[in-house]
Amino acid sequence: QKEVEQDPGPLSVPEGAIVSLNCTYSNSAFQYFMWYRQYSRKGPELLMYTYSSGNKEDGRFTAQVDKSSKYISLFIRDSQPSDSATYLCAVSKGGSYIPTFGRGTSLIVHP
Amino acid sequence: NAGVMQNPRHLVRRRGQEARLRCSPMKGHSHVYWYRQLPEEGLKFMVYLQKENIIDESGMPKERFSAEFPKEGPSILRIQQVVRGDSAAYFCASSPTGTQPQHFGDGTRLSIL
């Protein structure tokens, strides 16, 4: 079993839709949770970073962590074509900060 | 991704040659991480360095790969005697401390002929 599971997609939605991206992880020792966005031929860009269970909001983006279920989500409201990218979830343990990445979900937002 | 600079952006080598990938971290960042990304796979951690020291190299292949982060100058990932399987995108990331999120460069795409 992989430490972080993420559906590769692609996920195709119309502009303005609410997007839900999800990951599951297997190790309860993971304490830090991140979402990165990666455009084609570019490096990952940190979108959200959270430590605790619950929700964290930043503009159109909301990260949600459920430690009891080992489930993390990223919601994008009012999605735009510019949101089309691959979204990587990442988790890490306390102490040494070396995240384990999911393989990424490809999102396509069409006008 | 402004700040973490990687060069070259694209590198072509023939089998058996050496590849040298460079990474200049963001200003004020002394922690550097190298990752490899293959098609259809996620980012895989290779090595974590702090100025002049290798902190964690658990993801580095035991042979042909080495990394350094000298007191002066960029971090270098070196691959000796490259093989076709080394073809991938190699990303460098940096952080100000070992406990804060990493910021990535735009990668070096290595192609082996």
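Chains as they are written, first to last, in our numbering: chain R, 81 to 191; chain U, -4 to 108. A virtual CB, placed ideally from N, CA and C, is assigned to each residue, including glycine.
As the crow flies, the alpha-carbon of residue 145 (chain R) is around 30 Å from that of residue 191 (chain R).
The beta-carbon separation of residue 6 (chain U) and residue 103 (chain U), rounded to 6 Å, stays under the 8 Å limit for a contact. Counting the other Cβ atoms within 10 Å of the Cβ of residue 151 (chain R) gives fewer than 16, which makes it exposed. By the Cβ neighbour-count rule, residue 98 (chain R) is exposed, with fewer than 16 other Cβ atoms within 10 Å of its own. For residue 58 (chain U), the closest Cβ of chain R is not nearer than 7 Å. By the rule that beta-carbons nearer than 7 Å mark a contact, residue 182 (chain R) touches chain U. Of all residues in the region 85 to 106 of chain U, only 86, 87, 88, 90, 92, 93, 94, 95, 96, 97, 98, 99, 100, 101, 102 and 104 come within less than 9 Å of chain R when Cβ atoms are compared, listed by chain position.
Counted as a single uninterrupted DSSP element, the beta strand (DSSP E) harbouring residue 104 (chain U) occupies residues 103 to 107. Nearest Cα to residue 104 (chain R) within the set R:84, R:117 and R:158: R:84. By the rule that beta-carbons nearer than 7 Å mark a contact, residue 23 (chain U) does not touch chain R.
Taking all protein chains in view, the Cβ of residue 124 (chain R) is crowded by 16 or more other Cβ atoms within 10 Å, so the residue is classified as buried. Across the set R:181, R:173, R:172 and R:165, the C-alpha of R:165 shows the shortest separation from the C-alpha of residue 122 (chain R).
With fewer than 16 other Cβ atoms from the protein chains shown falling within 10 Å of its own Cβ, residue 23 (chain U) counts as exposed.
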